[in-house]
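See the structure below:
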């Protein structure tokens with residue numbers, strides 16, 4: 001039987017994952033989440049620290065016992081509260097920020113390890129290992145000892161080793177955090193390419209939106225041990241339903257309420273929810289209930305407030321902010337802080353009338369056109385946003401609920 | 001010895017005194033021993049029947065004892081390395097007991113268990129098996145006192161490394177035996193080497209427990225240390241032979257310790273975690 005599939009050939013080696021997980025962690029927090037992935041699909045798992053992401057990975061890998069629920073991989077029930085299949089029979093491999101190469105084996109022997117362990121003959125395993133090293137861009141380095149490889153090279157070997165055994169499921173836990181920016185970008189692209197071509201099913205835990213965007217088709221947001229939102233990657237990033245999801249997606253979120261087709265929020269903000277819904281292309285509704293208006297920082301314009309003469313003077317916009325004028329959405333605000341980002345200037349303001357614990361609204365401005373003297377903490381400004389750039393998202397999770405005790409997951 | 005502290009020696013220069021005295025205390029007696037060797041008759045002394053018998057017995061029993069220590073000690077070391085901190089502390093204390101007790105007491109303990117009146121001795125006597133004062137008793141005594149060296153040397157190396165690589169191996173499909181033989185043991189090699197050589201050296205030099213538990217019968221239980229002791233009490237080998245045997249033990253001790261230097265904690269962890 002021929003060895004690993006060549007580039008271009010698509011074999012679905014991964015299995016579908018259906019994990020209903022209930023795990024009791026220390027300090028009274030319980031993780032209760034249902035995570036699914038179709039065969040060959042990559043799903044990103046995101047959430048604040050202590051939310052339970054690592055706990056979920058541990059339960060699936062067999063390192064944390066289930067209090068209830070079941071983990072099914074492919075056709076097999078791999079774990080329940082009562083029984084648990086040992087790690088070497090699950091077909092679940094883990095890649096995290098430590099390559100964990102066997103120091104007493106060469107790179108090639110590392111990659112061949114899983115194959116040898118399952119009975120493949122030495123010569124055949126070495127051949128397949130070499131093919132895999134080639135696929136990850138390390139042709140000819142099979143005889144190197146791990147300590148003589150760079151961090152990025154070690155991660156590539158770890159990737160080849162994990163995929164060579166054609167695992168049912170690949171778990172990735174922030175595998176790029178120990179790499180420098182350039183290497184991380186290269187390895188990230190490689191991981192995406194290899195996951196896709198090998199048809200592996202993958203669960204990616206990450207704090208970086210770049211990882212999620214590069215690797216995953218779907219996102220699951222975990223907060224306080226529960227699934228707070230899940231869906232296609234674009235859908236979740238454009239319509240985040242929680243504060244964390246909005247922060248992750250780097251968009252602003254203004255919490256408010258829809259009643260009788262009108263959305264209102266603190267400070268006199270209002271929006272015609274029905275008009276928004278009919279103009280939307282992704283099936284938004286104007287149902288009554290908590291909802292948040294979501295807008296990118298690049299679409300927030302700032303103008304001077306206060307004295308009549310200076311009023312309305314543009315303080316700065318982003319290159320592709322929406323057109324000015326028209327039905328205006330905005331209000332008076334106070335500058336909280338000004339941040340210098342690699343891409344430009346970000347001004348965070350607090351809208352008058354917003355809840356005291358609400359996150360500020362970020363406006364990204366082009367550094368060259370921003371009127372910096374007027375943009376100082378405490379300065380008064382006027383925020384205006386083109387309503388067409390706003391999205392209304394039903395609100396999940398009350399901001400006023402007492403947070404459950406969190407634990408380092 | 002300079003009058004000022006500098007970067008490479010930030011402590012008081014007067015420390016040189018106890019340092020030199022300490023070194024001399026260790027080295028000078030050994031030098032005196034070497035000085036007492038009768039080089040002319042060295043070959044004949046070592047080839048004398050008493051010496052050869054003691055030498056052969058020592059080597060044979062020590063090798064066997066080391067093998068037993070490996071079989072029993074390696075799994076125990078892995079278990080302690082894996083145990084939680086408090087359990088491990090207790091286990092380590094138990095394992096270290098033969099080290100801190102006078103070997104004589106170790107011998108008394110073995111005699112209490114396996115002597116004619118001992119609980120195990122009585123059971124074995126039913127089958128006509130008597131352990132004390134036999135060559136087996138020598139092996140047993142050596143194993144008892146050398147096991148701690150092996151266990152502690154291996155445990156340190158395995159514990160320092162942690163269990164992450166074993167977990168990785170299992171996730172790649174390696175069943176438990178493969179994990180042990182292809183991952184844990186190879187990576188414990190430095191500790192294994194050091195532990196084995198120290199264990200052998202200790203077994204070779206064992207005296208107190210052997211004297212009490214195995215006795216001093218030439219050819220049966222008179223190992224090299226016992227032969228040396230007996231020589232200085234007038235019977236058995238000559239004093240010259242005793243000195244020659246002592247020189248042998250000294251040389252082998254130095255060789256063993258140089259070999260055991262191959263063990264450094266963390267030698268295998270390096271930059272690959």
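Protein chains in written order, with full-length UniProt numbering: chain W, 1 to 409; chain B, 1 to 273. Ideal Cβ placement from N, Cα and C applies to all residues, glycine included. Note that the coordinates shown come from a computational prediction; the quantities given were computed from them, not determined experimentally.
**Message:** Give me, in chain order, the residues of the same chain whose beta-carbon lies closer than 7 angstroms to that of residue 65 of chain W; leave out the 5 immediate sequence neighbours on both sides.
**Reply:** Locating residue 65 of chain W in the first chain gives position 65, where the first residue counts as 1. 84.
**Request:** Count the other C-beta atoms from every protein chain shown that fall within 10 angstroms of the C-beta of residue 345 of chain B, then say buried if there are 16 or more, exposed otherwise.
**Result:** Within the shown structure, residues of chain B are numbered from 1 to 273, placing residue 345 of chain B beyond reach of any answer.
**Item:** Three-state secondary structure assigned by DSSP to residue 375 of chain W
**Value:** Here residue 375 of chain W corresponds to residue number 375 of the first chain, with the count starting at 1. If DSSP states are grouped into helix, strand and coil, residue 375 of chain W belongs with coil.
**Asked** Would a check of beta-carbon distances place residue 168 of chain B closer than 8 angstroms to chain W?
**Response** For the purposes of this step, residue 168 of chain B is taken as residue 168 along the second chain, with counting starting at 1. Judged by the 8 angstroms Cβ criterion, residue 168 of chain B is in contact with chain W.
**Message:** My assumption, with CB atoms under 8 angstroms, is that residue 169 of chain W sits in contact with residue 92 of chain W. Please give the rounded CB distance.
**Reply:** Reading the first chain from its first residue, position 169 is the one you call residue 169 of chain W. Reading the first chain from its first residue, position 92 is the one you call residue 92 of chain W. At roughly 5 angstroms, the Cβ-Cβ gap stays under 8 angstroms, so residue 169 of chain W and residue 92 of chain W are in contact.
**Prompt:** What is the rounded straight-line gap between the Cα of residue 149 of chain W and the Cα of residue 37 of chain B?
**Reply:** Reading the first chain from its first residue, position 149 is the one you call residue 149 of chain W. Reading the second chain from its first residue, position 37 is the one you call residue 37 of chain B. Approximately 54 angstroms, taken between the alpha carbons.
**Request:** Compute the distance between the beta-carbons of residue 277 of chain W and residue 286 of chain W, then report whether it is under 8 angstroms.
**Result:** What you label residue 277 of chain W is simply residue 277 of the first chain in a count that begins at 1. What you label residue 286 of chain W is simply residue 286 of the first chain in a count that begins at 1. Yes, these two residues count as a Cβ contact at 8 angstroms.
**Request:** Since I believe residue 212 of chain B is in contact with residue 104 of chain B (beta carbons under 8 angstroms), could you give me their beta-carbon distance rounded to a whole number of angstroms?
**Result:** To locate residue 104 of chain B, count along the second chain from 1; it is residue 104. To locate residue 212 of chain B, count along the second chain from 1; it is residue 212. Between residue 212 of chain B and residue 104 of chain B the Cβ distance is about 6 angstroms, and since that is below 8 angstroms, they are a contact.
**Request:** Kindly indicate which residue of W:206, W:19, W:336 has the alpha-carbon position closest to the one of residue 80 of chain W.
**Result:** In the first chain, counting from the first residue as 1, residue 80 of chain W sits at position 80. Of W:206, W:19, W:336, the residue nearest in Cα terms is W:19.
**Asked** What residues from chain W crowd round residue 187 of chain B, counting only those whose CB sits closer than 9 angstroms?
**Response** The residue labelled residue 187 of chain B in the question sits at position 187 within the second chain. By Cβ distance, chain W contributes 102, 103, 104.
**Request:** Might you give, ordered along the chain, the residues of its own chain that have their beta carbon closer than 6 angstroms to the beta carbon of residue 64 of chain B, omitting 5 neighbours on each side?
**Result:** Against the second chain, residue 64 of chain B aligns to sequence position 64. If we look at residue 64 of chain B and ignore the five residues flanking it on each side, its Cβ neighbours are 139.
**Message:** Below 8 angstroms, how does it come out for the region 335 to 345 of chain W and the region 375 to 386 of chain W: are there three or more Cβ pairs, yes or no?
**Reply:** yes
**Prompt:** Using a Cβ cut-off of 9 angstroms, which residues of the region 106 to 130 of chain W contact any Cβ in chain B, in chain order?
**Reply:** 113, 114, 115, 116, 117, 118
**Asked** Below 8 angstroms between beta carbons: does that hold for residue 146 of chain W and residue 107 of chain W?
**Response** What you label residue 146 of chain W is simply residue 146 of the first chain in a count that begins at 1. What you label residue 107 of chain W is simply residue 107 of the first chain in a count that begins at 1. Yes, they are a contact pair.
**Every unbroken alpha helix (DSSP H) within the region 60 to 143 of chain B, with a cutoff of 4 residues, ordered by chain** = 85 to 100, 103 to 114, 119 to 126
**Item:** C-alpha gap between residue 308 of chain W and residue 182 of chain W, whole angstroms
**Value:** By one-based count along the first chain, residue 308 of chain W stands at place 308. By one-based count along the first chain, residue 182 of chain W stands at place 182. Model confidence at residue 308 of chain W stands at a pLDDT of 41, short of 50, so the residue's coordinates are unreliable and nothing is read from them.
**Message:** Suppose you measure from the CA of residue 155 of chain B to the CA of residue 196 of chain B; what does that come to, to the nearest Å?
**Reply:** Along the second chain, one-based indexing puts residue 155 of chain B at 155. Along the second chain, one-based indexing puts residue 196 of chain B at 196. If you take the alpha carbons of residue 155 of chain B and residue 196 of chain B, they lie about 13 angstroms apart.
**Prompt:** Looking at the structure shown, is residue 263 of chain W part of a helix, part of a strand, or coil, going by DSSP?
**Reply:** The sequence position of residue 263 of chain W within the first chain is 263, counting from 1. Looking at residue 263 of chain W - three-state DSSP - the assignment turns out to be strand.
**Request:** Could you list the residues in the region 180 to 204 of chain B with a C-beta less than 9 angstroms from some C-beta on chain W, going in chain order?
**Result:** 182, 183, 186, 187, 189
**Request:** Go through its chain and collect everything with a Cβ distance to residue 84 of chain B's Cβ below 7 angstroms, but skip five positions before and after it.
**Result:** As a first step, residue 84 of chain B is located in the second chain; it is residue number 84 there, counting from the start. Closer than 7 angstroms at Cβ, skipping near neighbours: no residue.
**Request:** Could you pull out every residue in the same chain whose Cβ sits closer than 8 angstroms to the Cβ of residue 217 of chain W, ignoring the five residues on either side in sequence?
**Result:** Translated into the one-based positions of the first chain, residue 217 of chain W becomes position 217. 41, 42, 43, 232, 233.
**Asked** Listing by chain order, which chain A residues have their CB less than 9 angstroms from the CB of residue 92 of chain W?
**Response** The chain inventory of the structure shown lacks chain A, comprising the protein chains W and B.
**Message:** Is residue 157 of chain B close to chain W? Criterion is C-beta to C-beta, closer than 8 angstroms.
**Reply:** Locating residue 157 of chain B in the second chain gives position 157, where the first residue counts as 1. So no, residue 157 of chain B is outside the interface.
**Asked** Between the C-alpha atoms of residue 253 of chain W and residue 90 of chain B, what's the straight-line distance to the nearest angstrom?
**Response** Residue numbering aside, residue 253 of chain W sits at position 253 when the first chain is read from its first letter. Residue numbering aside, residue 90 of chain B sits at position 90 when the second chain is read from its first letter. Answer to the nearest angstrom: the Cα atoms are 56 angstroms apart.
**Message:** Suppose the cutoff is 6 angstroms on Cβ atoms and the five residues either side in sequence are ignored; what does the same chain contact list for residue 329 of chain W look like?
**Reply:** What you label residue 329 of chain W is simply residue 329 of the first chain in a count that begins at 1. Only 385, 387 meet the Cβ criterion.
**Message:** Taking only three categories from DSSP, how would you classify residue 233 of chain B?
**Reply:** Locating residue 233 of chain B in the second chain gives position 233, where the first residue counts as 1. Here residue 233 of chain B sits in coil by DSSP.
**Prompt:** For the beta strand (DSSP E) that contains residue 34 of chain W, what are its first and last residues?
**Reply:** To locate residue 34 of chain W, count along the first chain from 1; it is residue 34. Where residue 34 of chain W is concerned, the enclosing beta strand (DSSP E) stretches over 30 to 37.
**Asked** Does the region 150 to 166 of chain B touch the region 116 to 130 of chain B, meaning 3 or more C-beta pairs lie closer than 8 angstroms?
**Response** no
**Prompt:** If contact means a Cβ-Cβ distance below 8 angstroms, which residues of the region 17 to 45 of chain W contact chain B?
**Reply:** none
**Prompt:** Going by the CB atoms, is the gap between residue 51 of chain B and residue 244 of chain B shorter than 8 angstroms?
**Reply:** On the second chain, position 244 is the one that residue 244 of chain B refers to. On the second chain, position 51 is the one that residue 51 of chain B refers to. Yes. Within cutoff.
**Buried versus exposed, by CB contacts within 10 Å (16 or more), residue 206 of chain B** = Residue 206 of chain B sits at position 206 when you count from the first residue of the second chain. The residue in question, residue 206 of chain B, is buried, as its Cβ has 16 or more Cβ neighbours within 10 Å.
**Message:** Short of 7 angstroms in beta carbon distance, which residues of its chain neighbour residue 176 of chain W, apart from the five on each side in sequence? Order them along the chain.
**Reply:** If you number the first chain from 1, residue 176 of chain W lands on position 176. Only 184, 187, 188, 211 meet the Cβ criterion.
**Prompt:** Just the Cα atoms here: how many angstroms apart are residue 120 of chain B and residue 168 of chain B?
**Reply:** By one-based count along the second chain, residue 120 of chain B stands at place 120. By one-based count along the second chain, residue 168 of chain B stands at place 168. Those two C-alpha atoms are separated by around 44 angstroms.
**Request:** For residue 178 of chain B, go through chain W and note every residue whose CB falls closer than 8 angstroms to its CB, in chain order.
**Result:** The sequence position of residue 178 of chain B within the second chain is 178, counting from 1. Neighbours of residue 178 of chain B on chain W, chain order: 117.
**Prompt:** With a CB to CB cut of under 6 angstroms and the five nearest residues on each side skipped, what residues in its chain are close to residue 447 of chain W?
**Reply:** Only positions 1 to 409 of chain W appear in this structure, which leaves residue 447 of chain W out of reach.
**Prompt:** Using a beta-carbon distance below 8 angstroms, is residue 164 of chain B in contact with chain W?
**Reply:** Translated into the one-based positions of the second chain, residue 164 of chain B becomes position 164. Yes, because at least one Cβ of chain W sits closer than 8 angstroms to the Cβ of residue 164 of chain B.
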